[in-house]
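Chemist:
Number of protein chains: 2
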Amino acid sequence: MKLYRLGENELIQWVTRQIRTDRSVVRGIGDDCAVLRGTGRNLQLFACDMLVEGVHFRRRDPAGAVGWKALAVNVSDIAAMGGLPRHAVVSLGLPRQIPVSFVDGLYRGLCRCAKRYGVNLVGGDTVRAAQVVIDVAILGEVEKGRVVYRAGARVGDTLLVTGRLGGSLRSGRHLRFSPRVREARALTAQARLHAMMDLSDGLRQDLPRICQASGVGAVLEVTKIPRHAGCSIAQALTDGEDFELLIAAAGRDADRLLPWAKRNLPCGLHRIGTVVAAKPHSVVTLVAPKGTKIPSSLAGFQHF
Amino acid sequence: MKLYRLGENELIQWVTRQIRTDRSVVRGIGDDCAVLRGTGRNLQLFACDMLVEGVHFRRRDPAGAVGWKALAVNVSDIAAMGGLPRHAVVSLGLPRQIPVSFVDGLYRGLCRCAKRYGVNLVGGDTVRAAQVVIDVAILGEVEKGRVVYRAGARVGDTLLVTGRLGGSLRSGRHLRFSPRVREARALTAQARLHAMMDLSDGLRQDLPRICQASGVGAVLEVTKIPRHAGCSIAQALTDGEDFELLIAAAGRDADRLLPWAKRNLPCGLHRIGTVVAAKPHSVVTLVAPKGTKIPSSLAGFQHF
Numbered sequence: 143m144k145l146y147r148l149g150e151n152e153l154i155q156w157v158t159r160q161i162r163t164d165r166s167v168v169r170g171i172g173d174d175c176a177v178l179r180g181t182g183r184n185l186q187l188f189a190c191d192m193l194v195e196g197v198h199f200r201r202r203d204p205a206g207a208v209g210w211k212a213l214a215v216n217v218s219d220i221a222a223m224g225g226l227p228r229h230a231v232v233s234l235g236l237p238r239q240i241p242v243s244f245v246d247g248l249y250r251g252l253c254r255c256a257k258r259y260g261v262n263l264v265g266g267d268t269v270r271a272a273q274v275v276i277d278v279a280i281l282g283e284v285e286k287g288r289v290v291y292r293a294g295a296r297v298g299d300t301l302l303v304t305g306r307l308g309g310s311l312r313s314g315r316h317l318r319f320s321p322r323v324r325e326a327r328a329l330t331a332q333a334r335l336h337a338m339m340d341l342s343d344g345l346r347q348d349l350p351r352i353c354q355a356s357g358v359g360a361v362l363e364v365t366k367i368p369r370h371a372g373c374s375i376a377q378a379l380t381d382g383e384d385f386e387l388l389i390a391a392a393g394r395d396a397d398r399l400l401p402w403a404k405r406n407l408p409c410g411l412h413r414i415g416t417v418v419a420a421k422p423h424s425v426v427t428l429v430a431p432k433g434t435k436i437p438s439s440l441a442g443f444q445h446f
Numbered sequence: 143m144k145l146y147r148l149g150e151n152e153l154i155q156w157v158t159r160q161i162r163t164d165r166s167v168v169r170g171i172g173d174d175c176a177v178l179r180g181t182g183r184n185l186q187l188f189a190c191d192m193l194v195e196g197v198h199f200r201r202r203d204p205a206g207a208v209g210w211k212a213l214a215v216n217v218s219d220i221a222a223m224g225g226l227p228r229h230a231v232v233s234l235g236l237p238r239q240i241p242v243s244f245v246d247g248l249y250r251g252l253c254r255c256a257k258r259y260g261v262n263l264v265g266g267d268t269v270r271a272a273q274v275v276i277d278v279a280i281l282g283e284v285e286k287g288r289v290v291y292r293a294g295a296r297v298g299d300t301l302l303v304t305g306r307l308g309g310s311l312r313s314g315r316h317l318r319f320s321p322r323v324r325e326a327r328a329l330t331a332q333a334r335l336h337a338m339m340d341l342s343d344g345l346r347q348d349l350p351r352i353c354q355a356s357g358v359g360a361v362l363e364v365t366k367i368p369r370h371a372g373c374s375i376a377q378a379l380t381d382g383e384d385f386e387l388l389i390a391a392a393g394r395d396a397d398r399l400l401p402w403a404k405r406n407l408p409c410g411l412h413r414i415g416t417v418v419a420a421k422p423h424s425v426v427t428l429v430a431p432k433g434t435k436i437p438s439s440l441a442g443f444q445h446f
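Chains as they are written, first to last, in our numbering: chain D, 143 to 446; chain E, 143 to 446.
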């Protein structure tokens, strides 16, 4: 069987079943970051994200923006757990004929993002490759009482999302987005969030991941999804690469967070749905006022 | 300017100059691992190594051996600092048409290496790519009193190497080598080593790195280099991918370690040279008994 027939979710599930870890691992494969027991009061977060030319960026994109994105997608994984990014290592696969100016730009972008988010770039590897490949691994930390997993959403919870969705690739926003570290920290300081993740593959693919991890279903009010200008509901659901936060919180906490966010979160916070009991064949139900057009086949981006 | 004209050493030096880190970083870019201040008595080690199809392995190599190597080269980086490997994350770039059996084999090899060396595989990323790319990032730990850097070799030190060198790629040894974790731990328990690194690019390229980091020179007795059967001196110097340990230790410690190693290190430990004062234009001097043939142009493998 060829890999693309298996799909990314199945690949991850199948890998996860094969792996055993020891007691120092609080959470292994399957969340935005691995969670490791530290020696102090904090937990350690560990994750990696690989960008490939032609998939996540194009050679003609500004190298600085590509470098920024390579670290920012990892910082976003730390944000999704409620943590603070600390250290990163960078592996670069580079064609021999690539101009040094491209590599220079790449590092400037990496450094700019590192400085903005307080990340130490502490190591790396550079190897020859047919296409530009950038893999960043990141370490972060989070207080034991403030870590937020994908699993933890409860029936009756309100679903919230930061910022606006849709059109990230087309507009170039995917190359210059701001990971929601400050926003996640502010939210976990205000309330005990039940579940959180960052939206990389689009709501239509990512929301079922929270549902599956939590053993719940969801009702999504599609007209409530905050959209970027010019984006349809379908685009907001499926475009991906928004790197906004998807959150499940108790209804009373959401009621308190929404007005608080109006004053304190410039990116905005929106109620988009409700967590319901799991159903056997439909994890997420889309609802909309009569007359709203929703394409029948909504599917997000699959890597394979 | 094209990248291949700059070279790997220059690229690393140039990147390092641009980067600032905070007080939690004991050692950043430039050693086998980054060294981070932990909260307890131990230091944390952090490194990454990327393998690319056609450079570090071929598609027709056994997938299990490729998976083993992908983790083993990282475990070797931890060994080179005197540490113990703990956790790893794996990013995989995979062509859509690759058989699932290859990916299965890859993970089996990764898991086999993880089990052997006590590494928790805790996360990863899988993306589409034109060629198979495997990047592993690893976390390890080491007691403050036992960490060994590349910098630290002193004039008068004896240079030692574990195992035998040469022919690793040709023989396929590079796909099934054993990282020298146990050996490094045993050696640092016996003596305070001054400098250490693992030999990935060949003695001819790697020894100057210890010299440069330590501000010293070296005299290498080429006939003393332990070679694999059928390997010439030139091959032992330049083939690379041996993943043996290169060590600088005080003469009196080396005198004690060598007979001890005969009883306790099955892979062997050999004296191959001496650390001398730095000279302006020749970091490493090769010496050999009269009549020994040494090719005049000895250069190791350069990635670009």
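All residues carry an ideal CB built from backbone N, CA and C; glycine is no exception. Because the structure is a prediction, the values reported are computed rather than measured.
1) In chain order, what residues of the region 241-257 of chain E put their CB closer than 7 Å to some CB of chain D?
2) So what does E/PHE188 bridge to, in DSSP terms?
3) Comparing alpha-carbon positions, which option in D/LEU301, D/ILE220, D/GLY180 and D/VAL275 lies nearest D/GLU363?
4) For the putative contact between E/LEU400 and E/LEU387, defined by C-beta atoms under 8 Å, what is the C-beta separation to the nearest angstrom?
5) Step through the CB atoms of chain E and report whether any lies within less than 9 Å of the CB of D/GLN273.
6) Could you check which residue in E/LEU307, E/ASP299, E/GLY433 and E/ARG169 has the C-alpha nearest to that of E/MET223?
7) Which residues in the same chain have their Cβ closer than 7 Å to the Cβ of D/LEU213, if we skip the five residues on either side of it in sequence?
8) Identify the contact partners of E/VAL143 in chain D, using a Cβ-Cβ distance below 9 Å as the criterion.
9) What is the DSSP secondary structure of D/HIS423, counted as helix, strand or coil?
10) Interface residues of chain E around D/TYR146 at Cβ under 8 Å?
11) How would you list, in chain order, the residues of chain D whose beta-carbon sits under 7 Å from the beta-carbon of E/VAL194?
12) Please compile the residues from chain E whose C-beta is within a distance smaller than 7 Å of the C-beta of D/ILE161.
13) Could you tell me whether any Cβ in chain D is nearer than 9 Å to the Cβ of E/LEU226?
14) Among residues of its own chain, excluding the 5 on either side of E/ALA295, which ones have a beta-carbon nearer than 6 Å to its beta-carbon?
15) Using a Cβ cut-off of 8 Å, pull out every chain E residue sitting near D/VAL157, in sequence order please.
16) Quick one: Cα of E/ALA221 to Cα of E/VAL215, how far?
17) For chain D, is any of its Cβ atoms less than 9 Å away from the one on E/GLY415?
18) Could you work out which residues of chain D lie near E/LEU281, taking near to mean beta carbons separated by less than 7 Å?
19) Can you list, in chain order, the residues of its chain whose CB lies under 7 Å from that of D/ARG179, leaving out five sequence neighbours each side?
20) For D/VAL425 and D/LEU349, what's the separation of their Cα atoms in angstroms?
21) Can you look up D/ILE171 in the DSSP assignment and give me helix, strand or coil?
22) Quick one, which residues of the region 364-382 of chain E are near chain D if we go by CB-CB under 7 Å, in chain order?
23) First and last residue of the alpha helix (DSSP H) that includes D/PRO350?
24) Residues of chain D with CB under 8 Å from E/GLY170, in chain order?
25) Of all the CB atoms in chain D, is at least one closer than 9 Å to the CB of E/CYS409?
26) When you compare each of D/VAL177, D/ALA430, D/ILE280 and D/ARG288 to D/ALA376 by their alpha carbons, which one comes out closest?
27) Can you tell me the Cα-Cα spacing of D/MET143 and E/ASP381, whole angstroms?
28) Does the distance from the C-beta atom of E/LYS366 to that of E/ARG413 stay below 9 Å?
29) Using C-beta distances below 8 Å, list every residue in its chain close to D/THR434, excluding the 5 sequence neighbours before and after it, in chain order.
30) From E/ARG327 to D/ILE276, what does the alpha carbon distance come to, in whole angstroms?
31) Compute the Euclidean distance between the alpha carbons of D/ASP343 and D/LEU193, then round it to the nearest angstrom.
32) Go ahead and pull the three-state DSSP assignment for E/LYS257.
33) Rounded to the nearest angstrom, what separates D/SER243 and D/ALA272 at their Cα positions?
34) When the Cα atoms are used, what is the spatial distance from E/ILE280 to E/VAL197?
35) Nearest by alpha-carbon distance to E/SER368: which of E/GLY206, E/CYS409 and E/THR268 is it?
36) Taking all protein chains shown into account, do 16 or more other C-beta atoms lie within 10 angstroms of the C-beta of E/LYS286, making it buried, or fewer, making it exposed?
Modeler: On the basis of the data shown:
1) PRO241, VAL242, VAL245, TYR249 and CYS253
2) E/ALA176 and E/LEU281
3) For D/GLU363, the closest of D/LEU301, D/ILE220, D/GLY180 and D/VAL275 by C-alpha to C-alpha distance is D/LEU301.
4) Their Cβ separation, rounded to whole angstroms, is 14 Å, which puts E/LEU400 and E/LEU387 out of contact at 8 Å.
5) yes
6) Checked all of E/LEU307, E/ASP299, E/GLY433 and E/ARG169; the closest Cα to E/MET223 is E/ARG169.
7) The answer, listed in chain order, is ALA230, LEU252, CYS255, ALA256, VAL261 and VAL278.
8) Here the sequence assigns Met to residue 143 of chain E, which means Val is not the residue at that position. Near E/MET143 (Cβ distances below 9 Å), the residues of chain D are PRO241, VAL242 and SER243.
9) D/HIS423: coil per DSSP, three-state reduction.
10) ARG238 and GLN239
11) Near E/VAL194 (Cβ distances below 7 Å), the residues of chain D are GLY235, VAL269, ARG270 and ALA271.
12) CYS253 and LEU263
13) no
14) HIS336, ALA337, ILE352, SER356, VAL358, ALA390 and VAL417
15) TYR249 and GLY266
16) 10 Å
17) no
18) PHE188
19) Answer for D/ARG179: SER166, VAL168 and LEU185, listed in chain order.
20) Rounded to the nearest angstrom, the two C-alpha atoms are 9 Å apart.
21) In this structure, D/ILE171 counts as strand in the three-state DSSP scheme.
22) none
23) 345-356
24) ASN262, LEU263, VAL264 and GLY265
25) No, E/CYS409 lies away from the interface with chain D (no Cβ there is under 9 Å from its Cβ).
26) Of D/VAL177, D/ALA430, D/ILE280 and D/ARG288, the smallest CA-CA separation from D/ALA376 is found for D/ALA430.
27) 37 Å
28) yes
29) VAL364, THR365 and ILE375
30) One alpha carbon belongs to E/ARG327, the other to D/ILE276, and they sit about 33 Å apart.
31) 14 Å
32) In the structure shown, E/LYS257 sits in a helix (DSSP, three-state: H, G or I).
33) Their Cα atoms are separated by approximately 18 Å.
34) Their backbone Cα atoms lie some 21 Å apart in a straight line.
35) Ser is not the amino acid found at residue 368 of chain E; the sequence shown has Pro there. Of the candidates E/GLY206, E/CYS409 and E/THR268, the one whose C-alpha sits nearest the C-alpha of E/PRO368 is E/CYS409.
36) Per the 10 Å Cβ criterion, exposed.
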